[in-house]
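Structure record follows, encoded as structure tokens.
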Amino acid sequence: MARSASRGYRLAAALILPVMRASTRRSWRGGEHLPTTGFIAVSNHVSNFDPLTLAHFLYDHGAPPRFLAKDSLFEIPLLGRVIRALGQIPVERGTAQAGHSLTAAEGALAAGECVVIFPEGTHTRDPHLWPMVGRTGAARLALRTGAPVVPIAQWGAHRVVPRYSASFRPFPPKEVMVVAAPPVDLSELSADDGDAIRVASARIMAAVTDQLAEIRGEAPPARPYDMRLDGDPRASFDAARAARRAARRARRARRQALRQRVLGRAPLAPAVAAGRSRVKTDRVTADDEGTAHVRPHVQGQ
Numbered sequence: 001m002a003r004s005a006s007r008g009y010r011l012a013a014a015l016i017l018p019v020m021r022a023s024t025r026r027s028w029r030g031g032e033h034l035p036t037t038g039f040i041a042v043s044n045h046v047s048n049f050d051p052l053t054l055a056h057f058l059y060d061h062g063a064p065p066r067f068l069a070k071d072s073l074f075e076i077p078l079l080g081r082v083i084r085a086l087g088q089i090p091v092e093r094g095t096a097q098a099g100h101s102l103t104a105a106e107g108a109l110a111a112g113e114c115v116v117i118f119p120e121g122t123h124t125r126d127p128h129l130w131p132m133v134g135r136t137g138a139a140r141l142a143l144r145t146g147a148p149v150v151p152i153a154q155w156g157a158h159r160v161v162p163r164y165s166a167s168f169r170p171f172p173p174k175e176v177m178v179v180a181a182p183p184v185d186l187s188e189l190s191a192d193d194g195d196a197i198r199v200a201s202a203r204i205m206a207a208v209t210d211q212l213a214e215i216r217g218e219a220p221p222a223r224p225y226d227m228r229l230d231g232d233p234r235a236s237f238d239a240a241r242a243a244r245r246a247a248r249r250a251r252r253a254r255r256q257a258l259r260q261r262v263l264g265r266a267p268l269a270p271a272v273a274a275g276r277s278r279v280k281t282d283r284v285t286a287d288d289e290g291t292a293h294v295r296p297h298v299q300g301q
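According to full-length UniProt numbering, the sequence shown holds residues 1 to 301 in order.
This is how it looks when you write it as structure tokens:
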């Protein structure tokens, strides 16, 4: 089924792609594995820049993506309006409306579109940026619809925008690699079996990890990071960052206080002193029409 990007999508691409091309050196592989029918693209998640990297890859291969994204992003004034206009799908985690996102995704797949999910649900907490244990949403969607699941690994976006950060570092351009693999075989698994859903989710994440290991030329850990077992180091990271910011604010405050004390004790230049005296002693009068006139003060008046 042929896919066509909406006018809004094409406009957004015209604005964003020049920035992407200027800030990255791209290495795309595996585009031939992207189906021409509706499919689910899954990827690892290391940076806030990941969605742009992955969208660039998919758009370049004729598959304008529709991301499942946390609903809080849709509440950000400008960003929310843009991503909603581009047809992205909000996910209301932990609410009765959480299932609505899968229903919307099913409709997009039936229409032949590309639906993108980051199964980890957040930036990886693995200290070496390997994929974590994934959530089951992508597996549930795949087993309910029969849509192919294409595992995509990407690496390098974290050099443009570091993990947990919004700091944009476009120069010098960073190498960004994206590799798609053939769809994951889930044919023997059933959507009605909870164990099968967990098996499907693990299989999907293993396929992404295998592709990432190929990109990095390294062996992944024997067991994927699991926040339920290994904890969430993000809290300590945020606390350390807040402490650094507080220290910077304190240093700025001390410098400002020192500067004010120095300036307060410094003698005024003669011209400045004369100007201050003039301002204090000049007299202002008004004529019958209300026009103000300044009459210089003359010593003795």
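Beta carbons are placed, not taken as given, at the ideal position from N, Cα and C, and that holds for glycine.
(request) Return the CA-CA distance between Arg252 and Ser167, expressed in angstroms with no decimal places. (result) Within the sequence shown, numbered from 1, the residue matching residue 252 stands at position 252. Within the sequence shown, numbered from 1, the residue matching residue 167 stands at position 167. So the alpha carbons of these two residues sit roughly 21 Å apart.
Review point. On the three-state DSSP scale, how would you describe Gln154?
Key: Along the sequence shown, one-based indexing puts residue 154 at 154. Residue state, collapsed to three classes: strand.
Q) Would you call the CB atoms of Leu54 and Ile152 closer than 8 Å? A) Here the question's residue 54 lines up with position 54 in the sequence shown. Here the question's residue 152 lines up with position 152 in the sequence shown. A contact, by the Cβ cut-off of 8 Å.
Check: Counting only runs that start and end within the segment 217 to 257, where is the alpha helix (DSSP H) found for 4 or more residues in a row?
Finding: 227 to 230
**Message:** Quick test of your reading: Met132 and Gln154, contact by CB under 8 Å. State the CB separation rounded to the nearest angstrom.
**Reply:** Your numbering for residue 132 matches position 132 in the sequence shown. Your numbering for residue 154 matches position 154 in the sequence shown. Wrong, their Cβ atoms sit about 15 Å apart, outside the cutoff.
> Bridge partners of Leu68, per DSSP?
Replying inline: Position 68 of the sequence shown, counting from 1, holds the residue named residue 68. Paired residue(s): Ile89.
Would you kindly work out how many angstroms separate the C-alpha atoms of Leu102 and Asp192, rounded to a whole number? Residue numbering aside, residue 102 sits at position 102 when the sequence shown is read from its first letter. Residue numbering aside, residue 192 sits at position 192 when the sequence shown is read from its first letter. For Leu102 and Asp192, the distance between alpha carbons rounds to 16 Å.
For Arg215 and Val199, I'd like the C-alpha separation in whole angstroms. On the sequence shown, position 215 is the one that residue 215 refers to. On the sequence shown, position 199 is the one that residue 199 refers to. Inspection of the sequence shows that residue 215 is occupied by Ile rather than by Arg. In a straight line, the C-alpha of Ile215 is about 25 Å away from that of Val199.
Worksheet item: By Cβ distance below 8 Å, which residues in the same chain neighbour His100 in space, the five residues on each side in sequence not counted?
Response: If you number the sequence shown from 1, residue 100 lands on position 100. Glu92.
| Rounded to a whole number of angstroms, what is the C-alpha to C-alpha distance between Arg228 and Arg135? | By one-based count along the sequence shown, residue 228 stands at place 228. By one-based count along the sequence shown, residue 135 stands at place 135. Roughly 12 Å separates the two Cα atoms.
Close-in-space but distant-in-sequence residues of the same chain around Ala63 (CB under 7 Å, 5 per side omitted): What you label residue 63 is simply residue 63 of the sequence shown in a count that begins at 1. Excluding positions up to five away in sequence, the list reads Arg3, Leu34, Cys114.
Fill in: Burial state of Arg278 (16 or more Cβ within 10 Å)
On the sequence shown, position 278 is the one that residue 278 refers to. Reliability of the predicted coordinates at Arg278 is poor, the pLDDT of 46 falling under 50, and the value obtained from them is presented with this limitation in mind. It counts as exposed.
Open item on the list: I'd like the list of long-range same chain contacts for Ala138, defined as Cβ closer than 8 Å, with 5 residues on each side in sequence excluded.
Closed with: Taking the first residue of the sequence shown as 1, we reach residue 138 at position 138. The answer, listed in chain order, is Ile40, Val42, Ile117, Pro119, Val149, Ser201, Ile204.
* Asked: If you compare alpha carbons, which of Leu58, Thr24, Gly8 is closest to Val161?
  -> Along the sequence shown, one-based indexing puts residue 161 at 161. Among Leu58, Thr24, Gly8, the Cα nearest to that of Val161 belongs to Thr24.
- How about Ile83 and Ala105: are their beta carbons less than 8 Å apart? Reading the sequence shown from its first residue, position 83 is the one you call residue 83. Reading the sequence shown from its first residue, position 105 is the one you call residue 105. It is not a contact, given that the beta carbons lie outside the stated cut-off.
**Request:** Give the secondary structure of Phe57 by DSSP, where H, G and I count as helix, E and B as strand, and everything else as coil.
**Result:** Mapped onto the sequence shown, residue 57 falls at position 57. Helix.
Identify every run of the beta strand (DSSP E) within the segment 98 to 176, keeping only runs that are complete inside it and at least 3 residues long; order them along the chain. 114 to 117, 149 to 155
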